[in-house]
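In this note's numbering, the protein residues as written are 38 to 408.
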């Protein structure tokens, strides 16, 4: 039974991952319905406000859901939100058993879905492939548990740890393959965070560009379904204007300012967020708490050494993603992170490698802080 549960749950996770680009701020969820050893229904959650994974799977199963087992990567919801409770749908369909990979930490659910099912006489089991469940929804789970979003800090550097020449030239340190890889990871994030210094200097788009996504992702993620992450810019001195791309392109742009300009006129979906600041800049802890309250699950950070250092110093970074190019930029080139001097080696921040992968001629290194 355990081996069978693991097998069908693994399939449910394959389905859940199909929604990784579109479900934010909702979690990625997949569902498989099995009767007499045969999969009779499958589905995954595709977009907030649309039917959940269980509903899609039940529609496919039809009458065959009666007496079947439902495998779900997250506990079925039990509350009325933008869609009806999935636990009720499973009960009405007559399933006899529900296997959930994990309980939903959302306070509106938090075990109530499984309890509702068991009260209806349905056998339940949870904590199946729990590590996969944690990995599938890192941002959603962290926001629900801590009130902070999951923060990924992206850096690109040469072999000697430099990000740009002394002149500021940095296009391009890494290869086109690495930049396509960045597009894929951007696409999964709820938001992209940068600074007004970067916007004023480079006028970046901070968008997901479908034509630059790897071809395997393009095959499962049509251009007309692209969800643009929220563009968030730290702009304490109100330097970003309506002439910058971040304020003009499709999707939301949030400008983080200590004193918003109420008279500003914007072309796009621009909102100014009031967040206190001091001589060191925006209060990043307060900002992250505000963003979590706005249902931002995960943040992809692309900025300079100063913001990178500040986030690391405050212990806000959950994951480092570093692209390393096989180049040397020399002593006068700009460093990777602005970080205060250390008195002893034991005080150095520590990380553990979670993945090292070659992307084109470059390396992509993923690390987790060891706080």
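Cβ coordinates follow ideal geometry from the N, Cα and C atoms, glycine included.
All values derive from a computational prediction rather than experimental measurement.
CB contact flag (residue i, residue j, <7 Å)
i: residue 372; j: residue 408; result: no
i: residue 218; j: residue 396; result: yes
i: residue 58; j: residue 224; result: yes
i: residue 336; j: residue 228; result: yes
i: residue 98; j: residue 63; result: no
i: residue 139; j: residue 115; result: no
i: residue 312; j: residue 293; result: yes
i: residue 172; j: residue 53; result: no
i: residue 291; j: residue 310; result: yes
i: residue 354; j: residue 188; result: yes
i: residue 38; j: residue 184; result: no
Option in the options with minimal Cα separation from residue i
i: residue 65; options: 111, 47, 213 and 86; result: 111
i: residue 130; options: 173, 70, 180 and 142; result: 70
i: residue 308; options: 314, 297 and 318; result: 297
i: residue 161; options: 150, 170 and 171; result: 150
i: residue 370; options: 288, 61, 205 and 51; result: 205
i: residue 67; options: 61, 256, 259 and 50; result: 50
i: residue 479; options: 216, 379, 367 and 124; result: Outside the displayed span of the chain (38 to 408) sits residue 479, for which this structure offers no information.
i: residue 239; options: 248, 208 and 155; result: 208
i: residue 289; options: 248, 331 and 377; result: 331
i: residue 61; options: 78, 83, 40 and 73; result: 83
Own chain partners of residue i with C-beta closer than 7 Å, once the 5 adjacent residues on each side are dropped
i: residue 126; result: 91, 92 and 95
i: residue 374; result: 342, 345, 346 and 349
i: residue 405; result: 356, 388, 389 and 391
i: residue 287; result: 265
i: residue 88; result: 120
i: residue 55; result: 81 and 257
i: residue 382; result: none
Assigned secondary structure, residue i (DSSP; H/G/I helix, E/B strand, else coil)
i: residue 356; result: strand
i: residue 335; result: strand
i: residue 102; result: helix
i: residue 112; result: coil
i: residue 50; result: helix
i: residue 384; result: helix
i: residue 69; result: strand
i: residue 128; result: helix
i: residue 391; result: strand
i: residue 171; result: helix
i: residue 295; result: coil
i: residue 228; result: strand
i: residue 78; result: strand
i: residue 304; result: coil
i: residue 42; result: helix
i: residue 179; result: helix
i: residue 152; result: helix
i: residue 319; result: strand
i: residue 236; result: helix
i: residue 159; result: coil
i: residue 57; result: coil
i: residue 138; result: coil
Close beta carbons around residue i, own chain, < 6 Å, minus the five adjacent residues each side
i: residue 403; result: 358, 391 and 392
i: residue 364; result: 195
i: residue 328; result: 186
i: residue 340; result: 231, 232 and 235
i: residue 141; result: 111 and 112
i: residue 136; result: 42, 108, 162 and 165
i: residue 254; result: 221
i: residue 80; result: 68, 90, 93 and 94
i: residue 279; result: 303 and 304
i: residue 123; result: 89, 91, 113 and 114
i: residue 133; result: 104
i: residue 175; result: 187
i: residue 128; result: 157
i: residue 299; result: none
i: residue 394; result: 401
i: residue 376; result: 346
Beta-carbon contacts of residue i that lie in its chain and below 8 Å, excluding the five residues immediately before and after
i: residue 76; result: 45, 48, 69 and 70
i: residue 379; result: 385
i: residue 250; result: 217, 220, 221, 224 and 258
i: residue 399; result: 211, 212, 214, 215, 360, 361, 362 and 363
i: residue 414; result: For the chain, the structure presents residues 38 to 408; residue 414 sits outside this window and is missing.
i: residue 101; result: 70, 72, 77 and 78
Any C-beta of chain C under 7 Å from that of residue i
i: residue 257; result: In the structure shown, chain C does not exist; there is a single protein chain.
Given 8 Å, three or more beta-carbon pairs between the stretch 352-369 and the stretch 192-211: Yes, the stretch 352-369 touches the stretch 192-211.
Given 8 Å, three or more beta-carbon pairs between the stretch 291-311 and the stretch 246-265: With the rule of 3 Cβ pairs closer than 8 Å, the stretch 291-311 does not count as touching the stretch 246-265.
Inter-stretch contact (C-beta, 8 Å, three-pair minimum) for the stretch 169-186 and the stretch 208-220: Between the stretch 169-186 and the stretch 208-220, the count of Cβ pairs shorter than 8 Å is below three; the stretches do not touch.
Inter-stretch contact (C-beta, 8 Å, three-pair minimum) for the stretch 265-282 and the stretch 227-240: The stretch 265-282, when compared against the stretch 227-240, does touch it at the 8 Å Cβ threshold.
Sufficient close CB pairs (3 or more, under 8 Å) joining the stretch 142-152 to the stretch 98-105: Because the criterion of three Cβ pairs below 8 Å is not met, the stretch 142-152 and the stretch 98-105 do not touch.
Stretch pair the stretch 238-247 + the stretch 281-300: three plus CB contacts closer than 8 Å: The stretch 238-247 makes contact with the stretch 281-300, as at least three CB pairs between them are under 8 Å.
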